[in-house]
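Okay, so here's the structure we're looking at.
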């Protein structure tokens, strides 16, 4: 590719100095190419320089060349969040369905925080970077962030929403809602929120740490979504619903100004199906095969 | 897989790939947006959001605005088709346009199908046949003057005309057509006018 490029340069375009062409041919070159307009095809080598070896010649030419600072086209961007949930938490089946009086219910209540090694390690790493972090106080803060985020989604306060929710979660919340009115209210939590899993991992480089904490929230909420014309699409204003959620919060630990933000939700497979929307939707039938039609006719 | 995603993201940001084409500083390729083109008034009508309706109010019918700009057709010839389908239900309009011989019929049919698709997907319309055409208008597009050569070295200036087509679909059955005015009604109005006369500046 470099050879073809050099050939192309020689054939057409402004005449480039052979030293500039050589500089381009060298791999990893990033200096600026300045075209030199001259009819001379081969540069003039003085008599005293003809005995010198090729490396000597190059060295002297390089010294005599004007030095232009390398202007890199840099557009740096900043990864403030990861793209997915690391090692997603698998909630136990029947969570929040069993009453606390039965044996299984008591066992579940006793599992305060999974004593897995990964969670403990992650906790230690998070405490290194954020000494104020504690498993006892974090769930309340997480719930506050959750409520604030949903309120600013209902009011379409984009700036606040960006500060409360990561870039990965933002399109999931906002997509399709530009011309819709959302009314959301948090009535209260049925069980105190608690931390269920901690994970800490580095992305791209070693030491680029992101911490993710999964919090279990069992609460009562009201949600009503209206379309562009003010007609109810789904939910209801007067109908409170009990909601069990596993919300993942993330923080860029290495950044001293990082904050805990909502990163995503985990929906277990055994979750009850969502209520259908107030609308009839047509599902087109599969196109009939010409061979099948023939059989029916017969 | 988070690392793989980030690596894939950064793959386009390598500067040596940009310089490889041999051009200097291709900074113009970083920002691309269509915000410099002017968005017409008809397209902006799709952006109004109504406040939520109270439970007692009658259901507000959905309104969908759609248009096509710079159609290569005359606006006067297009007007006949626009007048034809005004007030019809969408199925009837599509049927009439399919069997019309005019060139503009094909274009209007495409516009109506696009608008129907938009209505179902984005504007929360439940039944795609439950739409009728409330307004259908044509407008003048940009005309271009060109030379038209005649024989014997004579020429004339011709104008290449383009038009816009605007349509507004409203949810619900089409409104019943107004009955034509009967002679009896006209007579009643005349008599009423005569009865409304008063004598001025008298006792």
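Chains as they are written, first to last, in this note's numbering: chain A, 1 to 298; chain B, 1001 to 1203.
The beta carbon of each residue, even a glycine, is placed where N, CA and C say it ideally should be.
Keep in mind it's a predicted model, so treat the numbers as computed, not measured.
Would residue i pass as a contact of residue j if the rule is Cβ separation under 7 Å?
i	j	result
residue 254 (chain A)	residue 209 (chain A)	yes
residue 1068 (chain B)	residue 1143 (chain B)	no
residue 80 (chain A)	residue 252 (chain A)	yes
residue 263 (chain A)	residue 200 (chain A)	no
residue 212 (chain A)	residue 89 (chain A)	no
residue 1157 (chain B)	residue 1168 (chain B)	no
residue 247 (chain A)	residue 217 (chain A)	yes
residue 1161 (chain B)	residue 1074 (chain B)	yes
residue 148 (chain A)	residue 164 (chain A)	yes
residue 215 (chain A)	residue 142 (chain A)	yes
residue 1107 (chain B)	residue 1071 (chain B)	yes
residue 260 (chain A)	residue 93 (chain A)	no
residue 1081 (chain B)	residue 1104 (chain B)	yes
residue 1141 (chain B)	residue 1061 (chain B)	no
residue 250 (chain A)	residue 265 (chain A)	no
residue 1091 (chain B)	residue 1129 (chain B)	yes
residue 1163 (chain B)	residue 1198 (chain B)	no
Let me check one thing: in DSSP terms, what residues is residue i bridge-paired to?
i	result
residue 243 (chain A)	A:219
residue 1047 (chain B)	Partner(s): none; residue 1047 (chain B) has no beta bridge.
residue 1131 (chain B)	B:1171
residue 263 (chain A)	Answer by DSSP bridge pairing: none, since residue 263 (chain A) is not bridged.
residue 201 (chain A)	A:210
residue 1164 (chain B)	B:1139
residue 1080 (chain B)	In DSSP, residue 1080 (chain B) forms no bridge with anything.
residue 1066 (chain B)	B:1167
residue 1145 (chain B)	B:1159
residue 250 (chain A)	A:212 and A:261
residue 226 (chain A)	A:181 and A:232
Name the chain B residues whose beta carbon is nearer than 7 Å to that of residue i?
i	result
residue 227 (chain A)	1124
Can you pull the chain A residues whose beta carbon is under 9 Å from the beta carbon of residue i, in chain order?
i	result
residue 1051 (chain B)	181, 226 and 230
So with CB distances below 9 Å, who are the chain B contacts of residue i?
i	result
residue 280 (chain A)	1126 and 1127
What does residue i touch in chain A if you count any residue whose Cβ is under 7 Å from its own?
i	result
residue 1059 (chain B)	231
residue 1062 (chain B)	229
Anything in chain A within Cβ reach of residue i, meaning under 8 Å, just list it in chain order.
i	result
residue 1047 (chain B)	179
Give me the Cβ distance between residue i and residue j, rounded to the nearest whole Å; I'm assuming they're in contact under 8 Å.
i	j	result
residue 1115 (chain B)	residue 1170 (chain B)	Between residue 1170 (chain B) and residue 1115 (chain B) the Cβ distance is about 11 Å, and since that is not below 8 Å, they are no contact.
residue 1098 (chain B)	residue 1109 (chain B)	6 Å
residue 1150 (chain B)	residue 1064 (chain B)	Actually they are not in contact, since the Cβ atoms of residue 1150 (chain B) and residue 1064 (chain B) sit about 47 Å apart, beyond 8 Å.
residue 1112 (chain B)	residue 1093 (chain B)	6 Å
residue 140 (chain A)	residue 91 (chain A)	With 8 Å as the limit, residue 140 (chain A) and residue 91 (chain A) do not qualify as a contact, their Cβ atoms being about 21 Å apart.
residue 258 (chain A)	residue 219 (chain A)	Not confirmed; about 26 Å, so no contact.
Quick check: is the beta carbon of residue i nearer than 7 Å to any beta carbon in chain D?
i	result
residue 73 (chain A)	As a matter of chain content, chain D is missing from the structure shown, whose protein chains are A and B.
**Message:** Quick check: the region 226-238 of chain A against the region 178-190 of chain A, are at least 3 beta-carbon pairs closer than 8 Å?
**Reply:** yes
**Request:** Check whether the region 145-163 of chain A touches the region 184-202 of chain A, counting contact only when three or more Cβ pairs, one atom from each stretch, lie closer than 8 Å.
**Result:** yes
**Asked** Within the chosen definition, does the region 229-242 of chain A reach the region 131-138 of chain A through at least 3 CB pairs nearer than 8 Å?
**Response** no
**Item:** Any 3 or more C-beta pairs closer than 8 Å across the region 1036-1049 of chain B and the region 1086-1102 of chain B
**Value:** no
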